[in-house]
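A.B. asks: When the letters of the sequence shown are read in order and numbered with the numbering used here, they come out as residues 3 to 99. Just so you know, even glycine gets a beta-carbon here, dropped at the ideal spot from N, CA and C.
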Amino acid sequence: MTTQTVSNTEKLATIKNAQDALIYDLITQMLRAAKAAGVYASVWNDDENKLRVTVHGARRQYITFTDEDKSDISALIATVEWLLNGAPKVETPEDDE
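#1: Between F67 and I25, which are expected to be in contact by the criterion C-beta below 8 Å, what is the C-beta distance as a whole number of angstroms?
#2: Apart from the five residues on each side of it in sequence, which residues of its chain come closer than 6 Å, Cβ to Cβ, to E62?
#3: Can you look up Y64 in the DSSP assignment and give me helix, strand or coil?
#4: Classify N47 as helix, strand or coil using the three-state DSSP reduction.
#5: Considering V8, what are the terminal residues of the alpha helix (DSSP H) in which it resides?
Here it is as structure tokens:
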């Protein structure tokens, strides 16, 4: 490998690590904001090892991340902003007794 190739590989690894850290921080903020807003939110890995985020009521309710594709970061940011700006609370029906 040339010096330039090694340098580019190191820079790409740094960018990937920074993206992973950003996604982790945004998911943490999303979960806290969803809890405060009373909105259902969940995070899980599916059978294909994709990280999935679900937020009820958001414009994009399902957001997916893989090791190769992190293009949904902007959707996650928009969801966090939506939650922090006062997402509508989920109304639970009251029992009439």
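C.D. replies: Walking through what the data contain:
#1: That belief holds up - the Cβ atoms of F67 and I25 are roughly 6 Å apart, short of 8 Å.
#2: For clarity, residue 62 is Arg in the given sequence; the question names Glu instead. Excluding sequence neighbours, R62 sits near A77.
#3: Secondary structure at Y64: strand, using DSSP grouped into helix, strand and coil.
#4: In the structure shown, N47 sits in a strand (DSSP, three-state: E or B).
#5: Counting along the chain, the alpha helix (DSSP H) containing V8 begins and ends at T5 to A39.
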